[in-house]
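Read top to bottom, the protein sequences are chains A, B and C. The numbering of the first sequence is the numbering used here, which starts it at 3 and goes up by one. The numbering of the second sequence is the numbering used here, which starts it at 801 and goes up by one. The numbering of the third sequence is the numbering used here, which starts it at 6 and goes up by one. For every residue, glycine included, the Cβ atom is placed at its ideal position computed from N, Cα and C. Computed from a predicted model, the values in this text were never measured in an experiment. Worksheet: the structure to be examined is printed underneath.
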Amino acid sequence: MPPTLIDITGQWQYLLAEMVLVGGGIVAMIVDLLLPRRNKSVVGYFSLAIVLAAITVVAVQMGRHVGGYLQFQYVGATGWKNTVVVDLFAQLMSLIMLVGALFVLVMDVYDWRGRQGYEGESYYLILFATTGALLMANSADLITLFIGMELLSLPSYVLAGLHRQNVKSNEAGLKYFLYGGLATAAILYGMSFLYGLSGTTDLVAMPSAIASQLPNERLFFDIAFAFLLLGLGFKMAVVPFHMWAPDVYEGAPTPVTAYLSVVSKVAGFAMATRVLIVPFLPVVAESTTAAHTGLPLVTILAIVAVLSMLGGNAAALRQRNAKRLFAYSSIAQAGYVLVGLAAMPGQSAATAGSMVFYLAVYALMNVGAFVTIEWVTRAAGDESLAAFAGLGRRSPWMAFAFTVCLLSLGGFPITAGFWGKFFLFSFAVNAQLSWLAYAGMVLSVISFVYYFRFIRQMYFVRPATAETLQVDAGNTVVLALCTVGVLFFGIVPNVLMGPAQAVGASFLSMLNAVP
Amino acid sequence: MDGLLAVSWLVPFLPLLAFALLTLFGSRLGQGAAWLSILFTGVAAVLAVLLLSPASTYLQDQQHPYQWGFSWLQIGSVTVSLGVSLTGLNLLMLPIVSVIALLVQVYAVGYMHGDARYPRFFAYMSLFTGSMLALVVSPNFLQLYIFWEMVGLCSYLLIGFWYQRSQAAKAAKKAFIVTRIGDVGLLVAIFLIFAATGSFEFSAVIQAVQSRQLGGGFVTAIALLIFLGAAGKSAQFPLHVWLPDAMEGPTPVSALIHAATMVAAGVYLVALTFPIFAASAAAMQVVAWIGAISAFLAATIALAQTDFKRVIAYSTISQLGYMMLGLGVGSITAGMFHLTTHAVFKALLFLAVGAVIHEADTQELDEVSGLWGKMKITAITFFIGALALSGIPPFAGFWSKDGILAAVVSQGNWGLAVLGFLTVLLTAFYIWRIGFRLFFGEQRAPHGYEKVHEAPLMMMVPMGLLALGAIGTGFFGGNISRLLGSGAVPEAGWGVAILATVLALVGIGAAFLTYLRPGFGEAAVARLLGPVWIAFKRKYWIDEGYQAGVVRPTLALAAGVRQADGNIIDTAVESVGAAPGAIGEGVARAQTGRAQTYLAVGTIAVVLLVIVSVIGGSR
Amino acid sequence: MIGLGPYVALGAVLFAIGAYGALTRHNPIAVLMCIEMMLNAANINFVAFSSFGGSIDGQIFVIFSLVVAACEAATGLALVLGVYRNRDIQEIGDMHLLKW
């Protein structure tokens, strides 16, 4: 069925969440121009409502089992082209990113209190960036994917440099932009080869088109893979494409750091699944059967995963700045998820589920951690670990919530983080990547050392001031939701793992779908 | 009686419930927090004891353990359940854990009295008790691993309970990280098992091993990885470094977690997965030798310590070494029997020195002595514990240690046997050294000898009960072997028993001669020790020679080992931790702050990939 | 008739020159220009593949990527100006407050 121009019950409903976000962003932009300076937080509350609306859209669509492709036809052509796909994978990833964006917006509204600057901008830029992030998970086409990626990236550069009077924020913005520019160019160049080899930008048609080109054009697939890896490695922040992350995380405003470490990273993994895994599945399958001459793609992903887990965890050991430490921690966390990505060609169905599970849990625990970091560092005017001294006595519940998030990040049982790692590693074992799983287990031990530095500060060190930390209602709710979520999914993981495992099936249907 | 079995899940659940209640309402309960915790643990303990008879009947009738559980999660086609499995092994563990937990909590009512975080302490103790019981009843590796980590967390929380002391915080972290190194071994083993058998259930795994479904080298690897986890938890060489530091925690914690129960979890794990070990001769050798070496080394170190709580900590390592040795030479019964008696007498020793610490407010041998005049009951219970530890018949330690030594001798490995017997001598020496120096000699205490008196009644009652246990549990060897169904307690006739007893008496005598003779009236000692003292009196003339020839070299050796322990082994363990630090230094230093360096690193990686693919493609 | 090869080679050379410039130029504006050059290298590829492969998608992609490149340039210039306004720096390498 050809889509009519705007018919949101037909195919256009697959873009409904994005339309809500973009529309809301545009309205927010106009409202921001009209509002006096002291009332900018209205834009923030409006943006919160928009994200909630988008969450509702996705949730309702999931409840009604809406799924399918947004297609169009060139004038004069015969075949239908896919641009956007709504499948369970896209929906779950969208939910994770939207919830992450929602939490970050709550942090952001607080962060602007008592600050001068571009407050309204920060809200609608988050809306636009989140639209891009959703597109990265929804795309069924290289062009849509590229636009989505840029729609996420460009506002993110600005967000990182938004504190214009702060030299660190300036520097973070420009560094992020420079690395991002290189990454964009590399991705585009890699995509040009994917297009050249398959003759299409349609991601659904691509695997079979690529399979027909094998093994003759193997070299160009490898080159495309290498360039895509650079670009996506940047978005996911994995070693050796991680180097922007510590600087940007440290320099950017804390809510933006949270946004980069959660929404942007999750979007990176969504896109990596769409463009770094699915089109290359035939390549990997071919190299396991035919005489193997090209790059061992799975091994490369595995090596990047090990480097990230090792480098991230090891470098975090010597950090004294909480945000910078969490940059390295996020690099290591991305390494764990990469274990899932590397296992995907071997065991795509189940592993995609374990990756979605981990990313959902990661979003909760990392946002929870950043909410605490935001409040503690802001109150102390100090971003070092010492700012956390005695938090256990100053704000016992906040310290408890942070402890739960830290234990979960480390992968301690009874928290969701344990199951996340457990599922990732057990599927890696199933996908004949046992060594990678064992490396992950060993390397994750290191992380306890630096996560426990926070716990030590909170419970074992005397506070510099005895006054309790007053947290506003919004952030309290966010922190409570994150903590309860981490504990809930830690005790009954099946509630989340059930739907996440169904992702695999929807994923395979995309591979087999004939447009 | 099946009704009782059906509620067996209450045993771990009740203390966990107590933890939840105490976390939520603890601060409002104040001193009542302790009684809530004790009530729940008490009911669990009663239930654990009552379960013994119906569950073992069930075990004999049905030929498989009673199982109860519900499906917890689904991984692909594999279902993992959360529940209870009642085997002979954990039917033994349940009463040990719950009863000692109960007694220690009662003791803690007195010991922790007036502490600002009193309800928190009991909340943690309940969490520990529940986790330990849930660990013990696990039907599968996953549940075991989860609660294995939970007890580690409780240990961390309780070692660091007095966080005002900087040493406590350091010790807590050290304990957590060092045991985690072992835990990774266990986790890897679990994954290997899962990869090979597709199951986490103990029964399935053991079946796979016994049906020779798993290969020899593979089984050895799994066994050694499991043993790594066990060695971390049970503080076996070279992962023992955390346990002495863990003595920074309150003494009831040391008694319950770091002597009687949690540290025994490693031994329990080896016993539980014994068929895996039994399938690999190499793994058994490793277990036996690590056990023997830990037993011997820790005993020598214990000789040279001046902190008397640490001496008992090293003693724990040494005794856990014995248990591992017993398992390593093939006797589950001997190892588990010693676990049982040790749990009782070591808890007793800790509670007794805890009473001294509580009253005299020091852990240094040099600062306190001559307490006999003030703390007679404490002294008597301590000496009962010491008799049990040094293995003097008819006290509990004699029977179980005799079983282990008999198993070693009957296996005929003389190296192990020599270490085992030497340790008997050293054990008797170090524990009596503590006893003699604490309770006899010059009457002094840091805050004035006159202020010292017996501990409160709440502390004395558990000590008294444990003292009875330290006399009595040795006679239950037959019951334990029937319960486990793993063969009788090994017997090697009178030879071993007499040799061990004589060695222990020599050790006691040497301690006596070394520490009591100069400052103490012979008559009083004679009255106290009677025939033992006379036996040594005849050899009085070799005292000087003994001092020069045996005691001094032994002390020198001990000091040397202590030195090595402090420097070499600690350094070695820490250098495992230093490697990531160095790598981290490198990774972070590469972060020069110059944006183009960052771009260059990423670009070079891609260029390398392209070069490799071109070379690879042109082959 | 020129085949596909030379076009792809031109794209590769342009990409390499752009990458070299991006890594070595000291002036942030020059780096920005080099990145644009790399994007255009990819665009040449798209047009060439489209022209030889027969599908129109590649050329449409180029239109999108040109728009994106323009947005990127605008963002980049704003960020460079932001840094120059607050700090007296000559080249990118001077900007290293954030490190290690």
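Within chain A, not a single residue places a beta-carbon under 8 angstroms from that of ARG30/C; the smallest gap is close to 11 angstroms. Per DSSP, reduced to three states, the secondary structure at ARG1282/B is helical.
The residue among LEU97/A, ILE302/A, PHE74/A with its C-alpha nearest the C-alpha of ALA55/A is LEU97/A. Against chain B, the CB of GLY98/C has a partner CB under 9 angstroms away; the residue lies at that interface.
If you check the CB distance, LYS267/A and MET311/A do not come in under 9 angstroms.
Straight through space, the alpha carbons of PRO854/B and VAL444/A are spaced by roughly 43 angstroms.
The alpha-carbon separation between ARG92/C and PHE947/B amounts to approximately 55 angstroms. Nearest to VAL108/A by C-alpha distance, out of LEU489/A, PHE491/A, VAL479/A, LEU180/A, is VAL479/A. At least one CB of chain C lies nearer than 9 angstroms to the CB of THR1392/B. Of all residues in the region 1394-1411 of chain B, those with a C-beta nearer than 8 angstroms to a C-beta of chain C are ARG1394, ALA1395, GLN1396, LEU1399, ALA1400, THR1403, reading in chain order. Among the residues of chain B, those whose CB is under 8 angstroms from the CB of ALA27/C are GLN1396, LEU1399, following chain order. PHE1236/B is bridged by DSSP to nothing; it lacks a bridge partner. At a cut-off of 9 angstroms between beta carbons, ALA1388/B contacts chain C. As the crow flies, the alpha-carbon of LEU230/A is around 15 angstroms from that of LEU199/A.
Rounded to the nearest angstrom, the gap between the Cα atoms of ALA142/A and VAL86/A is 5 angstroms. Within a 10 Å sphere around the beta-carbon of GLY1293/B sit fewer than 16 other beta-carbons, which makes this residue exposed.
Distance from PHE976/B to PHE450/A at the Cβ level is roughly 7 angstroms; contact confirmed, criterion being Cβ atoms closer than 8 angstroms. With respect to ARG1233/B, TYR1315/B sits close: the two C-beta atoms are nearer than 9 angstroms. Assignment of ASP1107/B by DSSP, reduced to helix, strand and coil, places it in the strand class.
The beta carbon of LEU103/C sits closer than 9 angstroms to some beta carbon of chain B. Excluding the 5 residues flanking it on each side, MET31/A has same chain C-beta neighbours closer than 7 angstroms at TYR126, in chain order. Between the region 1158-1174 of chain B and the region 1115-1134 of chain B, the count of Cβ pairs shorter than 8 angstroms is below three; the stretches do not touch.
LEU23/A is not a Cβ neighbour of ASN140/A, given a cutoff of 9 angstroms. Within its own chain, the residues whose Cβ lies closer than 8 angstroms to the Cβ of HIS1253/B, once the five positions on either side in sequence are excluded, are GLU1159, LYS1174, MET1175, listed in chain order. Against chain A, the CB of PRO1380/B has a partner CB under 9 angstroms away; the residue lies at that interface. Near chain A, meaning a CB-to-CB distance below 8 angstroms, no residue of the region 842-866 of chain B qualifies. Closer than 9 angstroms to the CB of ALA1188/B there is not a single CB belonging to chain A.
Cβ proximity to chain A below 8 angstroms picks out GLY58, GLY59, SER60, ILE61, ASP62, GLY63, ILE65, PHE66, PHE69, SER70, VAL73, CYS76, GLU77, THR80, GLY81, ALA83, LEU84, VAL85 from the region 57-86 of chain C. Residue environment: TYR1068/B is assigned as buried (16 or more neighbouring CB atoms within 10 Å of its CB, all protein chains considered). Only VAL36, LEU37, ILE40, MET43, LEU44 from the region 34-45 of chain C bring a Cβ to less than 8 angstroms from some Cβ of chain A. For the 9 angstroms CB-CB criterion, VAL258/A and SER386/A do not form a contact.
For the region 167-182 of chain A, the residues whose beta carbon sits under 9 angstroms from a beta carbon of chain C are, in order, GLN167, ASN168, VAL169, LYS170, SER171, ASN172, GLU173, ALA174, GLY175, LEU176, LYS177, TYR178, PHE179, LEU180, GLY182. Using a Cβ-Cβ cut-off of 9 angstroms, TYR360/A does not count as an interface residue toward chain C, since no Cβ of chain C sits closer than that to its own. With a threshold of 9 angstroms between beta carbons, GLY313/A makes contact with chain B. Relative to the Cα of ALA1379/B, the nearest Cα in the group TYR47/A, ARG276/A, ARG320/A belongs to ARG320/A. Between the alpha carbons of SER332/A and ALA971/B lies a gap of roughly 28 angstroms.
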